[in-house]
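Here the structure is laid out as structure tokens; the discussion comes afterwards.
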Amino acid sequence: TPASATSLNSLKITRKSLGELQDKLFPKAFCPLRPCGSRILVQIASPLDKSDGGIILTTETQEIQRWNQKLAKVVKLGPLAYKNRDTLMPWPEGPWCKEGDFIRTVQYSGDRVEVQTDDGRIALFATLQDRDVYSAVEEGFDPLTLKSWF
């Protein structure tokens, strides 16, 4: 009905920003891996234990989030990343991303490993091919405002 549509449109959905969630999504952890060749090392966003509304998420829901996550933060670039493999010259268009950038990648791509943080949490890292970076999030744009479709 038009009345219910109006009330739905007037609801304000709040979503915490990356700034508020950065320590939870990307906990500080030392990853002992060094990307080789044309690969890059990224930290995959960790699942949250609560929704923005305060609902505690089940372990199963968190595991689904963990393995379906596409948002990552670039940690290290391999020595051949974004270079011509034959000449070792940089790609004419330049690197697609740099250390510290937030990227979107293939859902199940890369060699994924879990690393325990000092406070006992788990941080997820992946080593990807440089070409598996689908997009880099523009600097200053909050990547949490982008909704994934599975």
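Throughout the sequence shown, residue numbering follows my numbering, covering 994 to 1143 in sequence.
All residues carry an ideal CB built from backbone N, CA and C; glycine is no exception.
Is the Cβ of residue 1135 closer than 8 Å to any Cβ of chain D?
Absence of chain D from the displayed structure is noted, only one protein chain being present.
Report the CB separation of residue 1106 from residue 1095 in whole angstroms; it is logged as a contact under 8 Å.
Taking a contact as a CB-CB distance under 8 Å, the pair residue 1106 and residue 1095 does not count as one, their CB atoms being some 20 Å apart.
Using the three-state DSSP reduction, which class does residue 1017 fall into: helix, strand or coil?
In this structure, residue 1017 counts as helix in the three-state DSSP scheme.
Within the chosen definition, does the stretch 1069-1079 reach the stretch 1012-1020 through at least 3 CB pairs nearer than 8 Å?
Contact between the stretch 1069-1079 and the stretch 1012-1020 is absent: fewer than 3 CB-CB pairs across the two stretches fall below 8 Å.
Classify residue 1036: buried if its beta carbon has 16 or more other beta carbons within 10 angstroms, exposed otherwise.
When all chains shown are included, residue 1036 counts as buried.
For residue 1120, the first and last residue of its enclosing alpha helix (DSSP H):
That residue, residue 1120, is in no alpha helix (DSSP H); its beta strand (DSSP E) goes 1115-1122.
Among 1064, 1070, 1041, 1111, which has the Cα closest to the Cα of residue 1129?
Measuring from the Cα of residue 1129, the nearest candidate turns out to be 1064.
Candidates 1026, 1085, 1110, 1057, of which the one nearest residue 1100 by Cα
Out of 1026, 1085, 1110, 1057, 1057 has the C-alpha closest to the C-alpha of residue 1100.
Contact check, residue 1034 vs residue 1120, beta carbons under 8 Å:
Residue 1120 is positioned such that its CB atom lies closer than 8 Å to that of residue 1034.
I'd like to know whether the C-beta atoms of residue 1123 and residue 1089 end up nearer to each other than 8 Å.
Yes. Within cutoff.
What residue range does the beta strand (DSSP E) around residue 982 cover?
Since the first residue shown for the chain is 994 and the last is 1143, residue 982 is missing from the structure and cannot be characterised.
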